[in-house]
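Residues 80 to 224 in the numbering used here are what the sequence shown spells out, letter by letter.
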Amino acid sequence: MKALVINGPNLNMLGTREPGIYGTETYETLVALCKDSGRELGFEVVEVYQSNHEGAIIDKIQEAYGSMDGIVINPAAYTHTSVGILDALKAVTLPAVEVHISDVDAREPFRQVSYAGMACFARVTGEGLAGYRHALELLRDRLQG
Ligand code: DQA
Numbered sequence: 080m081k082a083l084v085i086n087g088p089n090l091n092m093l094g095t096r097e098p099g100i101y102g103t104e105t106y107e108t109l110v111a112l113c114k115d116s117g118r119e120l121g122f123e124v125v126e127v128y129q130s131n132h133e134g135a136i137i138d139k140i141q142e143a144y145g146s147m148d149g150i151v152i153n154p155a156a157y158t159h160t161s162v163g164i165l166d167a168l169k170a171v172t173l174p175a176v177e178v179h180i181s182d183v184d185a186r187e188p189f190r191q192v193s194y195a196g197m198a199c200f201a202r203v204t205g206e207g208l209a210g211y212r213h214a215l216e217l218l219r220d221r222l223q224g
């Protein structure tokens, strides 16, 4: 099992960025958490990718076709705007889980729309960084089921 974890804009600033909402752990901690959790859950590969650019994220999703078994994605702000990311997820037909660090449904109304989520079989929100482990677990169960 090979998983690709994709993080969208500003998630590289975890630890500095709005700590009251996103916590004080850094992006490096998140990468380590994903890799360690993935290993424990039985993944042979967990690649963790971050970009601030919509097109780069779309390219990465397309590259996963044929080389990865599933995707965990936090499209960050692009969650609420990007039909391009939605279409890329639909195009590759890989099982995907949407994850958000914060409880997006309890925040501003514009955060309550998720385009990417329309191509995901599960959604994890408001669990902090631990939500990525949860998302990988859901992906593992789907791939093994
Ligand atoms: C986020 C929520 C988004 O609304 C926001 O734009 C982010 C992070 C989250 O993980 O809680 O950048 O995806």
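Every residue gets a Cβ at the ideal spot worked out from N, C-alpha and C, and that includes glycine. These figures come from a predicted structure and were not determined experimentally.
These are the residues, in chain order, with a beta carbon less than 6 Å from any non-hydrogen atom of the ligand DQA: Asn89, Asn153, Ala155, Ala156, Thr158, His179, Ile180, Ser181, Val183, Arg190. Per DSSP, the unbroken beta strand (DSSP E) holding Leu83 starts and ends at 81-86. In this structure, Asn89 keeps its C-beta atom at 7 Å or more from the C-beta atom of Ala185. The beta carbon of Asn86 lies closer than 6 Å to those of Gln129, Asn153 in the same chain, with the five residues before and after it left out. DSSP places Val151 in the strand class (E or B) of the three-state scheme. About 6 Å separates the beta carbon of Leu173 from that of Gly149, a gap short enough to meet the 8 Å contact definition.
In the three-state scheme derived from DSSP, where H, G and I count as helix and E and B as strand, Thr158 is classed as helix.
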